[in-house]
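J.: My questions all concern the structure below.
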Amino acid sequence: QLRLPVLLTKEITLQPNSEKCINIKILSSMNKTSEALFEPTTYLHSKAIFLINALIKVEGNRSRIMNINANDCQKTLSKNTTLGHTGCPRSPRGKFT
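Have a look at this one:
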């Protein structure tokens, strides 16, 4: 299984105590892969920003994931912030079995 970095596609501001669906990009050519397992980094936990492990749909190296800002103040994440990694299947069809 390959582990590929997942980055934020543009700068975002997260409102206090909120959930938001954000756009992500995967740093690799995954044109034949339609699904991947997302595993978040843990360094955002210290900032009270949480992402969950998820099976994501991939289209053109891009996808969307939910995040939670558990702070009482807004937080901004910069473009290309590393959010985690994907685990990509090695099957010829690009599907998990």
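So the number in my numbering is just where the residue sits in the sequence shown, counting from 1, plus 599. Quick reminder that beta carbons are idealized off the backbone N, C-alpha and C, glycines included. Predicted, not measured: the structure shown is a model, and the values here were computed from it.
Output the boundary residues of the beta strand (DSSP E) element that contains C672.
T.: It is not in any beta strand (DSSP E) - C672 carries neither H nor E in the DSSP assignment.
J.: Quick check on DSSP: helix, strand or coil for S645?
T.: Note: S645 maps to helix in three-state DSSP.
J.: Indicate whether L606 and T685 have their beta-carbon atoms separated by less than 7 Å.
T.: Cβ distance not < 7 Å, so L606 and T685 don't count as in contact.
J.: Mind the definition here: the stretch 657–672 touches the stretch 612–627 only if three or more C-beta pairs lie below 8 Å; say whether that holds.
T.: Output reads yes: the stretch 612–627 touches the stretch 657–672.
J.: Expressed to the nearest angstrom, what Euclidean distance is found between the alpha-carbon atoms of F637 and I625?
T.: Taking the straight line from one Cα to the other gives about 10 Å.
J.: Could you check the C-alpha separation between I621 and A635 for me, to the nearest Å?
T.: Taking the straight line from one Cα to the other gives about 16 Å.
J.: Per DSSP, which one or two residues make a beta bridge with G683?
T.: G683 pairs with V605 and P639.
J.: Contact check, I623 vs I664 under 8 Å by CB: the rounded distance?
T.: With 8 Å as the limit, I623 and I664 qualify as a contact, their Cβ atoms being about 6 Å apart.
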